[in-house]
Amino acid sequence: MQQERYPSEFSNIQSKSDIPKQSNIAKLCPVADSFGLLRVGGRITQSGLEINRTNPLIIPVQHHLTTLLVRHHHEQVKHQGRHFTEGAIRDAGLWLVGGKRCIRGTLSQCVTCRRLRGKQEHQLMADLPADRLQVAPPFTYVGLDVFGPWEVISRRTRGGQANSKRWAVMFTCLCVRAVHIEVIETLSASSFINALRRFFSIRGPAAQIRSDRGTNFTGASKELNLEDDADMQRYLQDQQCTWIFNPPHASHMGGAWERLIGVARRILDSMFLQQRFSSLTHEVLVTLMAEVCAIMNARPLLPVSTDPENPLILTPSMLLTQRTGAPSSPPPDFGKAEIIRHQWKLVQHLAETFWHKWQREYLSTLQSRARWQDKRPNLQEGDVILMKDNAAPRNHWPMAVVIKTFPSRDNVVRTVDIRVIRHSTPKVFKRPVTELVLLFSP
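This note's numbering puts the first residue of the sequence shown at 396, with every later residue one more than the last.
Now the structure itself:
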């Protein structure tokens, strides 16, 4: 290996001439041992140490044998990092020329290290869907989720009281960012349909609904299966409403409503702490949910301006209730006297003001990508990956093979189908790339 990589250095040493300064091992002052191998020269030869410590063997980097040596010592230190591996190689009496880069490149391809410490895949943050950017009536495009449960008193008996659980369904308008909460008694499709009917009766029918996978709602609704329920599909067809399900374990794809779930929980925690309910009833819980909706719909969608000429605060309730706490500027189409005289023109003016500020100020806040700003190589069919399993430690995460990819409109793969062998039975799962760790590509 040395003769293949350093033929001129061998000839110079044999002829006892100086090695050219252009050689990448000239600073090592190479010398030949009794076997004709090149070793590092130096000034500690008289130290009494063994030759492997005073004069390590020179190993060139661009060779397959070098890769095998690095892998061997990397396994000896139980797949630790570059610093551990480099120390083991030097302790074995080897001097890798450009060793740091060689070791780093070899360790980056180690499948075992990827399985133990490899980062989960991610892709460039996708563009917002059209239903997030449409000027439409409130709750035309809806994202929903279920959260809870809470213990409530269902009935009182002689021996005490009987408790039962309640859950809440949050409907989030994807355009206006308003919320509507309905309380349900059971995690069943029929109970959810009743909540959906109440929502449509109050807010009007929605054109499109988005949610997590029916069997994997965030919170306590894992038993709720709406995707395959015949009554649910029939009711949606009657209402001319379409339902779009996100891939399983892809909560980041529903961040528009997942974040509001956390806001509602924090408001409820503050209410429970302030009121100190000794016994929570169904009626009290419904009342609290209505107050939570009022608080969340009154939140500003934009940073509050300090400009005295712009006192209007853009909130979802401004469009839902057609009321605002700050006086509005005169509209361009109607006179001030006509606004006072005709109430419907005031309502029309408030709606136009909301949508004008929504298009001019709010949409610009959605332009930038908060994270995942770089495009990474797409997963391909046949890639061997590690599937994340929150219920098991990392050493027990199953290995899988990508069998199908789903490119988006921008030709970026964010969702794939994978095949896993569990209990000697092959199973196919659909997962986002954020739940996968790439081990190697064939």
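Don't be surprised by glycine CBs; every beta carbon is placed ideally from N, CA and C.
Which complete beta strand (DSSP E) runs does the region 622 to 667 hold, if anything under 3 residues is left out? Within the region 622 to 667, complete beta strand (DSSP E) segments of at least 3 residues are found at 637 to 640, given in chain order.
Measuring only the C-alpha atoms, how far is Asn-589 from Arg-809? So the two alpha carbons sit approximately 34 Å from each other.
If you draw a straight line from the C-alpha of Arg-499 to the C-alpha of Gly-482, how long is it? Spanning the two alpha carbons is a distance of roughly 13 Å.
Secondary structure of Lys-822, DSSP reduced to three states: The DSSP-derived three-state label of Lys-822 is strand.
Determine the closest residue to Pro-370 out of Asp-664, Phe-430, Ser-646, Ala-689, with distance taken between C-alpha atoms. The structure shown does not extend to residue 370, since the chain is modelled only from 396 to 837, so the question has no answer here.
For the candidate residues Arg-448, Lys-770, Met-565, whose alpha-carbon lies nearest to that of Asp-486? The closest CA to that of Asp-486, considering only Arg-448, Lys-770, Met-565, is found on Arg-448.
How about Thr-607 and Asn-641: do their beta carbons lie closer than 8 Å? Note on identity: in this sequence residue 607 is Asp, with Thr being the wrong assignment. Their beta carbons are under 8 Å apart, which means Asp-607 touches Asn-641 by this criterion.
Provide the residue span of the alpha helix (DSSP H) that contains Val-811, from first to last. Run containing Val-811: none in the alpha helix (DSSP H); it sits in the beta strand (DSSP E), 808 to 817.
Sequence-distant residues of the same chain with beta carbon closer than 6 Å to His-517, five excluded per side: Cβ within range, chain order: Trp-767, Thr-829.
Taking 7 Å as the cut-off, is the C-beta of Ala-659 nearer than that to any heavy atom in the ligand NAP? Among the components modelled here there is no ligand, and therefore nothing to report on the ligand NAP.
So, at 6 Å on beta carbons, what are the nonlocal neighbours of Lys-411 in its own chain, with the 5 sequence-adjacent residues on each side left out? Sequence-distant partners of Lys-411 (beyond 5 residues in either direction) whose C-beta falls short of 6 Å from its own C-beta are missing from its chain.
Can you grab the Cα-Cα spacing for the pair Arg-527 / His-644, in whole Å? Arg-527 and His-644: Cα-Cα distance of roughly 22 Å.
Are Val-574 and Thr-567 close, meaning C-beta to C-beta below 8 Å? Against a cut-off of 8 Å, the Cβ pair of Thr-567 and Val-574 comes out as a contact.
Let me make sure I understand the geometry here. Which of Asn-450, Arg-434, Ser-763 has the alpha-carbon closest to that of Gln-441? Ranking Asn-450, Arg-434, Ser-763 by Cα distance to Gln-441 puts Asn-450 first.
In angstroms, rounded to a whole number, what distance separates the CA positions of Lys-473 and Leu-781? So the alpha carbons of these two residues sit roughly 20 Å apart.
Comparing C-alpha positions only, which one of Ser-418, Met-794, Gln-417 sits nearest to Val-832? Nearest in C-alpha terms to Val-832, of all of Ser-418, Met-794, Gln-417, is Met-794.
Pick helix, strand or coil for Ile-548, following the three-state DSSP scheme. Ile-548 falls in the strand class under three-state DSSP.
Mind checking Val-811: buried by the 16 CB within 10 Å criterion, or exposed? The residue in question, Val-811, is buried, as its Cβ has 16 or more Cβ neighbours within 10 Å.
Mind reading off the beta-carbon distance from Ile-454 to Thr-461? Whole number of angstroms is fine, and I expect it under 8 Å. The C-beta distance from Ile-454 to Thr-461 rounds to 6 Å, short enough to fall under 8 Å.
In this structure, does DSSP put Glu-399 in helix, strand or coil? Helix.
Identify which residue in Val-571, Asp-540, Gln-409, Val-679 has its Cα closest to the Cα of Ser-429. Closest by alpha carbon: Gln-409.
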